Every structure is written in structure tokens, then in C-alpha cells.
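Structure first, then comments.
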Amino acid sequence: ENNQRALSSLVVDARIRVLYIEGTLRAEYGALVGRFLSKDPNIEFCALVQTRPNMFMHRSNIEALELSKIPDTQEQIERFDVFLLGDIDSTYLRPEQMELLRGHVAQGAGLLMIGGYHSLGPGGYEGTRLAEILPVFLGDRQVGQVTEPFPLQLTLAGRQHAVFANIAQFFPSPGREAEIDGLPPLEGCVRVLGAKPGASVLAVHPAEKAGEAPLPVLSVQPFGEGRVAAFTADTTRN
1211 ENNQRALSSL VVDARIRVLY IEGTLRAEYG ALVGRFLSKD PNIEFCALVQ
1261 TRPNMFMHRS NIEALELSKI PDTQEQIERF DVFLLGDIDS TYLRPEQMEL
1311 LRGHVAQGAG LLMIGGYHSL GPGGYEGTRL AEILPVFLGD RQVGQVTEPF
1361 PLQLTLAGRQ HAVFANIAQF FPSPGREAEI DGLPPLEGCV RVLGAKPGAS
1411 VLAVHPAEKA GEAPLPVLSV QPFGEGRVAA FTADTTRN
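In the working numbering, the protein residues as written are 1211 to 1448.
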């Protein structure tokens, strides 16, 4: 009786669950899944890539997960903490699915939309419930693309943001060269109409404009308890 001791313990699974949905089998899919999602021990992921209209190839390291299409129930949506939307046209997401995703982000999840020829404005997201929470004004399907390579240029906010912690020295800023050379350029980006008033623009195109301001490439903003980002670059594998 005098050799007993009470002990309380809390077991926490700190791994982040990520759902990555890609509309085409492009370089970004292989890079994000092969070099990042599948190699980080702190991430559990499910990657869906569309091989034919509404037909998806599935790759995941989450045991017992059966998901072969874009989630359409609250239970499925709530299994994930972060959502990456790639080159997937808005017509493949029903309004109900967008509403579920929007609601989950408001409760604390994260959402990143990546540029592509069927993403952001060119993907028909203008006027949708997801467009309302993105940090940039999208424009319509004819908003266009920048197709020439360019170096990503950080803003002052970008240099101070956690996204670029320990790597800001690789990027130029207005009036400031990169401290370390050799980073390859991005190969293009989606045009947007500009950043929203509550957004933080972290990176821009060094020459293209959105109105009077530099064209945003990476922008972030909070939404409810969650966070939303738009990365307009079309080819990110570099």
C-alpha cells in the first residue's frame, strides 16, 4: 500500500492531417506528395488526383481511410486539418461541399489554393463561397495567366512572416537583392485583381501589377478561427 503512486497522462496526436486535391496529374502533385507530404513524420495525408472527370487516384498514409472522391459529408471534412486545392475546376465541387469546407475553416482549419489553369479565377471560383474567404479578388475565367518565368519577390511582411522563416535570404525584395543566389524562377502565375483589405501579401511578382499594386503571388488572411492562403504560382515544383 505504501508503494503506490497516482499518475495522470495526456496522449496527444500532434500530427497534422492534410487533404490535397489536384485536378490534373501535373508536376506539383509529385513534388508535394513525394518530397513533402509523404516524408514529414508530423503529417498524415490523403492526396486525390483527378485522372478522368470525377475519377480520382488515391494515395494516403492514413490507416483505414477510404476516400476516392472529394469529401461531401461533414464527417469526412472534419477528419482533416489542412486543405490544399490544386488545379481543380470549381465545377467539380458542389456548393454544398464548398460550404462544408468553408465552415470547417471557420472553426480552425487551414486552406491553401494553388494556382493553375483551372484554379482561382480561371477555374471559375469567382462568386463562390470559397472565393469569399480567399485573401485575393479572383476575377473571372478570362482574368488570364502570366506565362513568363519570374523570381518571387518578398514584401516586408513576407520577410517577417513565419512562412519564410530561415529562408527569406534566398528571395529578393524591392530594392534588395537576394542574399543567397541560385533559387530558380517560378514559371508563371495566375493573375488576380488584387489583395483584399484584410489580407497580408507576403510575396509578389516583381514586374506585373494588379491595379496600382504589385501582382500578389502569396497572400494570407484569417477566417474565423482558421487561416486561408492563395499561392497563385502555376508551377511550384522548383
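Positions of the beta carbon are idealized from the N, C-alpha and C atoms, including for glycine.
Treat the numbers as computed from the prediction; the structure is a model and nothing was measured.
In three-state DSSP terms, what is residue 1390?
Translated into positions along the sequence shown, residue 1390 becomes position 180. Coil at residue 1390, not helix or strand.
Using alpha carbons as the reference points, say which of 1265, 1241, 1237 and 1275 lies closest to residue 1227.
Position 17 of the sequence shown, counted from the start, is the residue given in the question as residue 1227. When C-alpha distances from residue 1227 are compared across 1265, 1241, 1237 and 1275, the shortest belongs to 1275.
Taking one C-beta from the stretch 1427-1442 and one from the stretch 1313-1326 each time, how about it: are there three or more such pairs within less than 8 Å?
yes
For residue 1374 and residue 1299, I'd like the C-alpha separation in whole angstroms.
Numbered from its first residue, the sequence shown carries residue 1374 at position 164. Numbered from its first residue, the sequence shown carries residue 1299 at position 89. So the alpha carbons of these two residues sit roughly 29 Å apart.
Could you work out which residue in 1240, 1246, 1251 and 1259 is closest to residue 1231 when comparing CA atoms only?
Taking the first residue of the sequence shown as position 1, residue 1231 is located at position 21. The shortest Cα separation from residue 1231 among 1240, 1246, 1251 and 1259 belongs to 1259.
Does the beta-carbon of residue 1352 have 16 or more other beta-carbons within 10 angstroms, so that it is buried, or is it exposed?
By 1-based counting over the sequence shown, the position of residue 1352 is 142. Exposed is the call here.
Counting along the chain, where does the beta strand (DSSP E) carrying residue 1268 start and finish?
Taking the first residue of the sequence shown as position 1, residue 1268 is located at position 58. Per DSSP, residue 1268 belongs to the beta strand (DSSP E) from 1265-1270.
Determine the direct distance from the alpha carbon of residue 1354 to that of residue 1310, and round the result to whole angstroms.
As a working mapping, residue 1310 is identified with position 100 in the sequence shown. As a working mapping, residue 1354 is identified with position 144 in the sequence shown. Approximately 29 Å, taken between the alpha carbons.
Who are the near neighbours of residue 1416 in its chain, counting only those whose CB is closer than 7 Å to its CB and skipping five residues on each side?
By 1-based counting over the sequence shown, the position of residue 1416 is 206. These residues qualify, in order along the chain: 1360, 1361 and 1363.
Segment contact, 8 Å Cβ cut-off, at least three pairs: the stretch 1385-1398 with the stretch 1277-1287
no
Pick helix, strand or coil for residue 1286, following the three-state DSSP scheme.
As a position in the sequence shown, residue 1286 is number 76, starting the count at 1. DSSP places residue 1286 in helix when its eight states are reduced to three.
Quick one: give me the first and last residue of the alpha helix (DSSP H) that residue 1239 is part of.
The residue you call residue 1239 lines up with position 29 of the sequence shown. Segment 1237-1241, the alpha helix (DSSP H) holding residue 1239.
If you draw a straight line from the C-alpha of residue 1225 to the C-alpha of residue 1263, how long is it?
Here residue 1225 is taken as the residue at index 15 of the sequence shown, counted from 1. Here residue 1263 is taken as the residue at index 53 of the sequence shown, counted from 1. Spanning the two alpha carbons is a distance of roughly 32 Å.
Which full runs of the beta strand (DSSP E) of 3+ residues lie inside the stretch 1360-1428, going along the chain?
1410-1420
Just how far apart, CA to CA, sit residue 1412 and residue 1424?
In the sequence shown, residue 1412 corresponds to position 202, counting from 1. In the sequence shown, residue 1424 corresponds to position 214, counting from 1. If you take the alpha carbons of residue 1412 and residue 1424, they lie about 11 Å apart.
Residue 1200 and residue 1312 look like a contact to me (Cβ under 8 Å); what is the Cβ gap, rounded to whole Å?
Here the chain comprises residues numbered 1211 to 1448, so residue 1200 is not present and cannot be evaluated.
Considering only the beta carbon of each residue, do residue 1233 and residue 1302 sit closer than 8 Å?
Position 23 of the sequence shown holds residue 1233. Position 92 of the sequence shown holds residue 1302. Against a cut-off of 8 Å, the Cβ pair of residue 1302 and residue 1233 comes out as a contact.
Reduced DSSP secondary structure (H/G/I, E/B, other) of residue 1305:
Residue mapping note: residue 1305 aligns to position 95 of the sequence shown, counting from 1. Helix.
Checking contacts by CB at 8 Å: is residue 1431 closer than that to chain B?
The structure shown contains no chain B; it is built from a single protein chain.
Express the C-alpha separation of residue 1337 and residue 1381 in angstroms, rounding to a whole number.
As a working note, residue 1381 is residue 171 in the sequence shown. As a working note, residue 1337 is residue 127 in the sequence shown. Approximately 34 Å, taken between the alpha carbons.
Closest to residue 1387 by CA distance: which of 1372, 1365 and 1297 is it?
Residue 1387 sits at position 177 when you count from the first residue of the sequence shown. Taking only the C-alpha atoms, the option nearest residue 1387 is 1365.
Selected residue, minimal CA-CA separation from residue 1357, among 1213, 1326, 1367 and 1376:
Stepping through the sequence shown from its first residue, residue 1357 is reached at position 147. Among 1213, 1326, 1367 and 1376, the Cα nearest to that of residue 1357 belongs to 1326.
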